[in-house]
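Asks: Have a look at this one.
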Amino acid sequence: MMTQTLTGDRAQRSREVIEALAGPGAVLRPDQDSAIAALLEPGARVLVVQATGWGKSAVYWVATALRRAEGAGPALVVSPLLSLMRDQVAAAGRAGLRAATLNSSNFDEWNAIEAQLAAGEIDVLLVSPERLANPAFGARVLTALEGNMGLLVIDEAHAVSDWGHDFRPDYRRVADVLTRLNPQTPVLATTATANARVTTDVAAQLGEATLVLRGPLARRSLQLNVLPTMSPLQRYAWVARHLDDLPGSGIVYVLTVADAQRLVDAIHAVDPDAKVAAYTGQLEADSRARLEDALRDNQIKALIATSALGMGFDKPDLGFVVHIGSPPSPVSYYQQVGRAGRAIDHAVVALLPSDADAGVWDYFATATIPDPDQMAGLLGALADESTSGLEPASAVALEASTGIRRTRVELMLKQLAVDGAVQRVDGGWRVTGQPWHYDAEHYAGIVATRRREADIMADYTRGRRCLMALLTESLDDPQADACGKCSVCLGHVPDPLGEPAGEDTARTVARALRANTAVLEPRKMWPGGAFGARGRIPAQLAAEPGRVLVHADAPEWTGVIPAARAGDASALGELAEAAVGALGRWRRDWVARPEVVVALSLTGSDTPVGPVADRIAEVGKLARARMPVAAGDPPGRDTAGAGEAAHWRSAIGVDDALLDAIAGRCVLLVADSSSTGWPVTVAAAHLRDGGAAAVLPLVIHRPA
């Protein structure tokens with residue numbers, strides 16, 4: 002497509018809109034002008050790949066204003082995050098446009114908004130890709146817009162491509178919208194994080210005549226730093242020690258939800274008055290909005306965030322971005338650090354690497370790739386449900402029957418739905434009868450690409466060469482060049498950030514974090530299949546909510562679990578005292594005070610479960626018993642839920658001595674290690690069936 006420019010009345014109107022958005026005297030950049038001019042032509046397809054802060058949203062606000070003035074229908078903007086939608090609705094208002102959003106947080110407003118849309122009273126409708134996946138939404142809203150849509154905008158368009166760093170299955174629904182569009186409707190796709198391969202893929206999905214406008218991606222305001230490799234605990238201590246040394250307010254990114262709250266607790270252990278908060282995708286929409294506003298208004302020093310705070314969050318004066326562990330992709334890292342320094346001359350970016358990150362990177366490389374055996378098992382379970390005449394299968398029931406964790410089940414259902422093999426219906430999911438094909442070659446290519454990106458991040462963390470040049474080259478920026486001010490170009494991390502936190506700070510953090518325990522929610526459904534029983538677990542056989550002492554590879558416990566399993570007295574003592582402390586904090590939630598401690602060894606070893614149970618019994622003056630477990634190898638991690646539950650039902654027993662010990666008593670069940678919860682669920686059922694009044698599970702270690 003040939004580039005064009007705005008002229009005449011269109012140019013005048015565009016100046017009015019851009020000044021309303023960016024202030025008096027603001028003018029369009031040349032590529033903004035070209036994109037808007039192209040979008041005023043029927044059937045245009047435009048892909049804009051520009052750095053964060055360049056003004057991609059201005060393109061669609063100006064284009065929408067011009068098209069609406071010329072009689073076109075409303076624009077549909079597909080945005081990935083609620084925070085992005087809130088900012089965009091406000092920006093559209095500044096541009097003189099009437100904007101509204103339909104998302105999970107404003108369900109009560111949907112009918113009114115849809116009525117306004119039908120009456121032509123809305124200029125811009127913003128929706129999430131998840132809304133596109135909802136059949137009811139498609140029937141009501143998309144059908145109404147198909148013949149009258151003035152512009153389709155796909156924001157953060159790299160997510161359309163499964164070669165992108167943030168591919169989302171629901172974004173494939175955008176392709177469905179494209180096929181149903183009036184061919185005359187212009188389409189704009191925008192992103193700041195697409196390398197050449199992703200750009201080519203997205204442009205191909207838009208159409209052969211797509212105009213691609215790509216600019217330089219280096220961010221001159223960012224001063225990038227990589228610190229020396231640290232242990233996971235030392236990283237927490239560094240943030241607690243140096244938070245006040247960082248300019249302004251900012252974001253500290255972590256790789257997992259658990260890490261977000263751990264780091265907040267670590268900071269407060271060193272400075273109880275520190276103004277920080279955890280921000281993850283598990284928060285309710287109003288809580289996320291409140292925290293975003295607090296950071297935007299400099300009411301807090303930092304949000305400790307997962308990648309849920311990324312695309313769409315706009316704070317032009319954000320002073321710093323720190324990463325406790327890097328994302329596995331230089332593209333996603335660039336996207337996150339790009340939140341800083343958008344309207345200030347200097348912002349600090351710091352990456353705190355650890356050798357522990359490699360395992361996380363490997364997980365992310367394959368986390369969204371379908372496993373053909375798991376897919377077959379899930380489809381088989383769904384087919385059984387569909388032919389049983391019962392209610393549609395829920396994600397909870399499918400987790401129980403397949404043994405696949407619920408978050409994974411939900412992702413797989415989305416993938417299968419996009420491919421047409423299953424469909425969401427009222428109350429759950431059904432198979433459609435359409436076969437599902439595993440494209441092994443395609444997915445192998447994706448994994449290989451992600452591992453190459455992880456290799457680039459490994460080079461970045463080792464400071465092999467200019468950090469900004471390495472990032473922008475990974476995005477295939479032809480203008481990539483040395484920045485002259487990163488820690489590699491300077492040869493050091495500027496003081497005081499280069500100073501380690503110190504062992505005293507690390508010990509303070511470790512003590513505080515070891516006081517935390519995770520809740521072990523009891524399983525509620527029997528798995529069916531090889532287990533035989535299905536449906537809700539009867540209340541008289543169910544466990545109470547329990548606790549997990551050490552979750553996954555929690556940094557405050559690094560090295561302790563292996564040492565305890567080897568019989569190290571110091572490590573066993575640390576676990577035992579932590580267990581006693583956990584019980585003291587847990588006691589306010591007990592249904593009754595435990596009267597007997599029952600040890601359950603699931604690994605075939607008495608350590609660490611025996612010594613921990615002994616110490617609890619000693620301190621609490623409780624009776625002590627053990628639960629018999631038949632010799633033999635436990636099921637593998639890939640065993641389906643029904644098979645694993647069936648194994649433990651046979652392996653775990655209740656002998657006469659145990660029956661005497663538990664009769665009419667509240668039992669504290671201490672298990673050494675379980676990642677699924679099935680052995681604890683089955684053991685609790687045996688204990689309750691044997692006469693226990695209640696079962697409170699305490700799992701010493703729950704692997705990831």
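In our numbering, the protein residues as written are 2 to 705. We put the beta carbon where it would ideally sit given N, CA and C, even for glycine.
Using the beta-carbon count (16 or more within 10 Å), is Val28 buried or exposed?
Replies: exposed
Asks: Only counting the same chain, and skipping five residues up and downstream in sequence, which positions put a Cβ closer than 7 Å to that of Trp527?
Replies: Cβ neighbours of Trp527 within its own chain (closer than 7 Å, five residues either side excluded): Ala401, Ala534, Arg535, Gly536, Ile538.
Asks: Using the C-alpha atoms, what's the distance from Trp679 back to Glu557?
Replies: 26 Å
Asks: Three-state secondary structure (DSSP) at Asp163?
Replies: In the three-state scheme derived from DSSP, where H, G and I count as helix and E and B as strand, Asp163 is classed as coil.
Asks: Throw me the rounded Cβ distance for the Ala564 and Ala572 pair, which I believe falls under 8 Å.
Replies: With 8 Å as the limit, Ala564 and Ala572 qualify as a contact, their Cβ atoms being about 4 Å apart.
Asks: For the beta strand (DSSP E) that Gly585 lies in, which residues bound it at each end?
Replies: Unbroken run through Gly585 is the alpha helix (DSSP H), 570–587; no beta strand (DSSP E).
Asks: Answer yes if the region 347–362 comes into contact with the region 284–296, meaning at least three C-beta pairs across the two stretches below 8 Å, and no otherwise.
Replies: no
Asks: To the nearest angstrom, how far is the alpha carbon of Met231 from that of Leu98?
Replies: 50 Å
Asks: So for Asn112, helix, strand or coil by DSSP?
Replies: helix
Asks: Under a Cβ-count criterion, where at least 16 other Cβ atoms within 10 Å of its own Cβ denotes burial, should Ser105 be classed as buried or exposed?
Replies: exposed
Asks: Contact between the region 25–44 and the region 6–15: three or more CB pairs below 8 Å?
Replies: yes
Asks: Quick one: what's Ala695 bridged to in DSSP?
Replies: Cys667
Asks: Please report the distance separating the alpha-carbon of Ala238 from that of Leu244.
Replies: 10 Å
Asks: Who are the Cβ neighbours of Leu471 in its own chain at under 6 Å, not counting the five residues just before and after it?
Replies: Closer than 6 Å at the Cβ level, and outside the excluded window around Leu471, lie Tyr461.
Asks: Can the beta-carbon of Gly404 be found less than 9 Å from the beta-carbon of Ala643?
Replies: In this structure, Ala643 lies closer than 9 Å to Gly404 by Cβ.
Asks: Using beta-carbon positions only, say whether Val18 and Trp62 come within less than 9 Å of one another.
Replies: Contact flag set, yes.
Asks: Which of helix, strand or coil does DSSP assign to Ile123?
Replies: In this structure, Ile123 counts as coil in the three-state DSSP scheme.
Asks: Is Val683 near Val598, with beta carbons less than 9 Å apart?
Replies: no
Asks: Are Ser308 and Ser333 closer than 9 Å when you measure CB to CB?
Replies: yes
Asks: In angstroms with no decimal places, state the Cα-to-Cα distance between Thr608 and Leu601.
Replies: Rounded to whole angstroms, the separation of the alpha carbons of Leu601 and Thr608 is 11 Å.
Asks: His324 lies in the beta strand (DSSP E); which residues open and close that run?
Replies: His324 -> beta strand (DSSP E) spans 321–325.
Asks: In this structure, how does DSSP classify Val49 when only helix, strand and coil are distinguished?
Replies: strand
Asks: Look at Gln51 and Gly216 and say whether their C-beta atoms are less than 9 Å apart.
Replies: yes
Asks: Alpha carbon to alpha carbon, how far is Glu20 from Gly26?
Replies: 6 Å
Asks: Does DSSP classify Asp673 as helix, strand or coil?
Replies: strand
Asks: Quick check for students: name the residue ranges of the alpha helix (DSSP H) that lie wholly in the region 457–537, counting only runs of 4 or more.
Replies: 468–475, 488–491, 504–515
Asks: If we ignore side chains and look at the alpha-carbon of each, how far apart do Asp156 and Leu699 end up?
Replies: 46 Å
Asks: Do Asp274 and Ala241 have their beta-carbon atoms positioned less than 9 Å apart in this structure?
Replies: no
Asks: Using the DSSP secondary-structure output, state which residues sit across from Trp430 in a beta bridge.
Replies: Ala394, Arg425.
Asks: Once DSSP output is grouped into helix, strand and coil, what is the label at Thr408?
Replies: Under the three-state reduction of DSSP, Thr408 is assigned to helix.
Asks: Could you check the C-alpha separation between Met150 and Arg548 for me, to the nearest Å?
Replies: 52 Å
Asks: Please tell me whether Val279 and Leu296 are closer than 9 Å, where the distance is taken between their beta carbons.
Replies: According to the sequence shown, residue 279 is Ala rather than Val. The answer is no: Cβ separation not under 9 Å.
Asks: What is the C-beta distance between Leu182 and Leu153, in whole angstroms, given that I count them as a contact (C-beta under 8 Å)?
Replies: Correct: roughly 7 Å between the Cβ atoms.
Asks: So for Ile562, helix, strand or coil by DSSP?
Replies: helix
Asks: Can you name the start and end residues of the alpha helix (DSSP H) that Asp202 belongs to?
Replies: 197–207
Asks: Quick check on Gln541: does DSSP put it in helix, strand or coil?
Replies: DSSP places Gln541 in helix when its eight states are reduced to three.
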